[in-house]
Structures are given as structure tokens and as C-alpha cells.
Amino acid sequence: MLLSKDRNIAHFDLDAFFVSVETLRNPKLQGKPLLVGGGSDRGVVAACSYEARKFGVHSAMPMRVAKRLCPEAIIIKSDFEAYSKYSHLVTDVIKDSVPVFEKASIDEFYIDLTGMDKFFGCLQFTDQLKKKINKESGLPISWGLASNKLVSKVATNEVKPNGQLEIPFGNEKNFLAPLSIIKIPGIGKETGYKLLKMGVETVKVLSEIPVEMMENLMGKSGIDLWRKANGIDETPVVPYHEQKSISTETTFQTDTIDINFLHSQLVRMTEEIAFQLRQQNKLTGCVTVKVRYSNFETFTKQLTISYTNADHVLLKTAKELFNKLYERRLLVRLLGIRFTNLIPGNYQISLFDDTQEMINLYQAIDSVKKRFGEKTLIRAVGVGA
């Protein structure tokens, strides 16, 4: 395994990505406070411009609160097809320029430049890649360069928007030390509150707590936090491969015409792969349902939808497709469902028109499923499956 001093990891992050796409498409919006997301008062802010952030607005904030903080803000309905197009454009530029990169989200990339310093110079290469992305996409992007993913990401966040920062090997700990603990990726509200109650406000203080004490306080996650506070991270850059689809199907032991049973199976399978979508931070833009009859004839129907990973949207679509497909009332041998047109995305950028309560519900459900297993929580109609 390469030592940290031998590694060079760049983190690239498109600045206010959704907002940048909107202003690129409509330059008249440049410099104005913008909110991208659901338009209703119960909707959620998916992204906001830096001009809006000056008023205290941030992503995942209820839209009614954002409008109260910034009454002059312009609200824009999301266009995920456009965001996906520009994300693919930037991905292609990076793919054509580097040997190994990881696409962490729709607007965030890690690039392994290890060894590049011997031939070209990592700093010079990273700077030129930024200029190339900006020229070919028209989008502003920031980057951090360090010996590991953690420090490069924090560095990027410190210089946004349109910034760049290199943290030379050996300076990781000094760079992190004065920062607030909430700047460390992985420290959420609950952990942050717990540390603040202990008087731990800066990364420096966190790094000085004995690792044994951190383990006693928080278990394995305490060790992980201590390592992060000390600038230690051996996480590899995972080579990016575009996943084309996610699917599941069931062949029944006995061919059936029981419509209630078929609906319960459809619910179970849809929930199963929708959960997988959310775990992979992906959204789907197309749903396909497949039915194979007892005579082995197979039929499919698909529908293009607005990008989502929400059970209630996907279940509604799956049921509509099944009801249109299942017209022959023959015995069914196999039932399947597939999600295609996958793009990176999460709760805040998928549930544009849903409420904060809905987002919180999905997060709570998935937290239980991750901890106790996927079948711990299922809809009542799926129990029969």
C-alpha cells in the first residue's frame, strides 16, 4: 500500500451546481438570490445561490423559511434532465483527462494523481484541468489537492466558490487544526452537539483527545473521528463505472392469477430496489415492469419519470405500468421491475416537491433498514409477499 506521502488526491466540486446550470442557461439570473427546489411553502430548498446564502439560506431548508429569510429570492423549478446533462459533460472531460477518478455525487469528483508529480506536476495538472472543465462546460469549479481524500475535500470546501488550494504532505494536521469540528465530513448534528457539550469546538482539540477515550465515548466511530481530526485517511479512490440499471425479478413457485398477491410482490420488489438506489445515492428516470406468463410469453412496459428515489413515487408508477400490462388475465410465472437512466443524487435533490417531513421519514426508515435489515420495515400491502 502506498504511504500518504506518496499519494496525491485531488477533490473537484462544482460550485452551487444546480444554480450554476440555471444561470448558464439564463445569464439574466447571474448575481441574484436564487432558490432551486419545490415551489410550495412545504417544499424544500435543493440548492441556493451564494447571494441567497448571505441571508442564512441553505440547502435542505424548508422553502417557507428560505422565503422568509430572503423575500427577494427567485424560485426556480428544478430541471434534473439539464443537471444530468451537464454532470455527464464534466464527467466526460475528467474521464478523457485522468487515468483514475471517482464520481462521489452528481457534482463531486475525486481524482488519483499519484505519480503525476514525477512527470508533469500535480499542482499544474490540477489547475489546467480546472480551466479545461470551465472552458468546455461553462461551469465554475473548485478543487483541493492533498495526500488523501478527507483533507482534499475539506480544502475544497474552504476555498469555494471558484477556488483552489494545495495542502502539502505533512501540513494536513496544521491545516485542519483551527477549523470547526463541523467542517469534518461525517460529523452530523448529533455527534457535533455531543462534542460541543464536551467543549470540543475545533479540530485541534478533537485531535488531542486520546484515541482510547474517543473509543470509549463513541466506539469505532470515535476512532474514525480521531483519525480524521489528525488528517489520517487511507480511503482509496474507487474507479468510476457508470451503472446502467438496477433491477430485481421473482419467478413464482406456482403460476398465479391472484391480483392481490401480484400487487404485494410488486410493492416488495419496488421498495427493495428503491432502498438500494438511496443507499447508492442514485436517482432513476425510467421505470420498467416485466410480466412473464405461464406460456413463457414475456411483455414489458416502461415510463420515463422525473428523477427520484422515493418509494411513494416509484410504487405509483410501477402499479400503473403493471395495471396497463396485465390485461390478458393469464397465469403469471414471473414478475420483474427495473430502474434505468440512473444518475447520482440524494434526498435533497430528488424530493423537490416533497415536504421536510417526507424527507425526514425516508431518512428514518432507511436508518432502521440499514441497522436491522431491509425487511424490518415494509408496507403492509407487501407483508403477504
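Under our numbering, the first residue of the sequence shown is numbered 16, with each subsequent residue one higher.
We treat Cβ as the ideally placed atom computed from N, Cα and C, and that holds for glycine.
Selection from the options that minimises the alpha carbon distance to residue i
i: E281; options: R293, T266, V226 and T171; result: As written in the sequence, residue 281 is Leu, which differs from the Glu given in the question. Selected option, being the one with the closest Cα: T266.
i: P176; options: K100, L84, T315 and C63; result: C63
i: E87; options: K100, F70, Y98 and S102; result: F70
i: A25; options: E117, A81 and V72; result: E117
i: L138; options: N296, I182 and V174; result: I182
i: K334; options: T355, R293 and M284; result: M284
i: L165; options: A119, G178 and T141; result: A119
i: K259; options: G136, V215 and N356; result: N356
i: L191; options: E227, V218 and V226; result: V218
i: D21; options: D273, N186, S162 and G178; result: S162
i: E123; options: L232, L292, V72 and D30; result: D30
i: Y322; options: L330, L298, F354 and R307; result: L298
i: Y308; options: I272, A325 and V113; result: I272
i: I238; options: Q45, V253, P254 and L221; result: L221
i: Q268; options: N324, M213 and L349; result: L349
i: V347; options: F276, V80 and M229; result: F276
i: D111; options: L144, Y125 and A81; result: L144
i: M76; options: A61, I320, E286 and T38; result: A61
i: Y6; options: G52, P155 and V59; result: Nothing about residue 6 can be read from this structure; the chain reaches only from 16 to 400.
i: F290; options: V80, A325, L336 and V306; result: A325
i: P193; options: G203, E223, T206 and G178; result: E223
i: Q317; options: L336, N296, K168 and A97; result: L336
i: P42; options: P225, G153 and F140; result: G153
i: G53; options: L44, S74 and A97; result: S74
i: N189; options: S99, V169 and P200; result: V169
i: T206; options: L180, G185, M233 and F184; result: M233
i: N172; options: G203, G185 and I197; result: I197
i: N264; options: V252, I288, I274 and P254; result: A small fix is needed here, since residue 264 is Glu in this sequence, not Asn. When each option's Cα is compared against that of E264, the closest is I288.
i: S157; options: G136, L180 and F135; result: L180
i: T319; options: V328, G203, Q295 and G300; result: G300
i: F184; options: R40, S167 and P200; result: S167
i: A81; options: A97, S99 and G58; result: G58
i: R40; options: Y98, C85, L50 and R68; result: Y98
i: S262; options: T303, P225, P200 and D142; result: T303
i: I121; options: Q295, K331 and I274; result: Q295
Residue environment, residue i, which counts as buried when at least 16 other CB atoms sit within 10 Å
i: M6; result: The question about residue 6 has no answer here: the residues shown for the chain are numbered 16 through 400.
i: T250; result: exposed
i: K235; result: exposed
i: K339; result: exposed
i: R83; result: exposed
i: K209; result: exposed
i: H256; result: exposed
i: K95; result: Checking the sequence, you will find Phe at residue 95 rather than Lys. With 16 or more other Cβ atoms within 10 Å, it is buried.
i: K278; result: Before going further, note that residue 278 is His rather than Lys in the sequence given. It is buried - the Cβ of H278 has at least 16 other Cβ atoms within 10 Å.
i: P48; result: buried
i: R353; result: buried
i: D28; result: buried
i: P114; result: exposed
i: R293; result: buried
i: N23; result: buried
i: S195; result: exposed
i: F367; result: Note that F367 scores a pLDDT of 46, beneath 50, so its modelled location is shaky; the value from the coordinates is reported in the next line. Buried is the call here.
i: E187; result: buried
i: K305; result: buried
i: G351; result: buried
i: E66; result: buried
i: M228; result: exposed
i: P359; result: buried
i: L240; result: buried
i: E286; result: buried
i: G203; result: exposed
Per DSSP, the bridge partner or partners of residue i
i: S195; result: T217
i: L349; result: T266 and R307
i: I261; result: F354
i: T206; result: DSSP output for T206 lists no bridge partner at all.
i: G52; result: V60
i: Q179; result: W158
i: L298; result: I358
i: L329; result: For L329, which the question treats as bridged, DSSP gives no partner whatsoever.
i: A25; result: I126 and L160
i: F314; result: V306
i: K271; result: A small fix is needed here, since residue 271 is Thr in this sequence, not Lys. Answer by DSSP bridge pairing, in chain order: V347.
Taking 8 Å as the cut-off, does the region 31-51 touch the region 84-96 (at least 3 CB pairs, one atom from each stretch)?
Using a C-beta cut-off of 8 Å, the region 84-96 makes contact with the region 31-51, since at least three inter-stretch Cβ pairs fall below that distance.
For the region 99-109 against the region 228-245, are there 3 or more C-beta pairs whose distance is under 8 Å?
No: fewer than three Cβ pairs fall under 8 Å.
Which runs of the beta strand (DSSP E) spanning at least 3 residues fall entirely within the region 78-159, listed in chain order?
89-91, 116-120 and 123-127
Kindly confirm or deny that the region 310-318 and the region 335-350 touch, where touching means at least three C-beta pairs closer than 8 Å.
yes
Quick test of the definition: if touching needs 3 or more C-beta pairs under 8 Å, does the region 148-155 touch the region 125-140?
no
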